[in-house]
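Beneath this line is the structure, given in structure tokens, with notes to follow.
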Amino acid sequence: MSIDTYKLTSTEEPTDEVLQALMEKVAQTARESNAKAEAEKRRRLQAVADEIKEWKSKAAV
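The opening residue of the sequence shown carries number 740 in this note's numbering; numbering runs sequentially from there.
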């Protein structure tokens, strides 16, 4: 049984190796998703900061 052929709905219990591989895959996917979300958050915060700076510079005129 391998990670590619194992289905969570399978009637067989996964081996320790397959379970470990599944857990590693889920952890890697979670790390990638978190990195993308953090990058998007930083992008949005920077966009807001830029808008505030622009607004302040226009208000000072």
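Every residue, glycine too, gets a C-beta built ideally from N, C-alpha and C.
All figures in this text were calculated on a predicted structure; none of them were measured in a lab.
- The DSSP-derived three-state label of K780 is helix.
- Spanning the alpha carbons of T750 and V765 requires a straight line of approximately 21 angstroms.
- Scanning its chain for C-beta atoms nearer than 6 angstroms, with the 5 sequence neighbours on each side dropped, one finds around Y745 the residues P753, V757, in chain order.
- Closest option to M762, judged by alpha-carbon separation, among K775, S772, E779, I742: I742.
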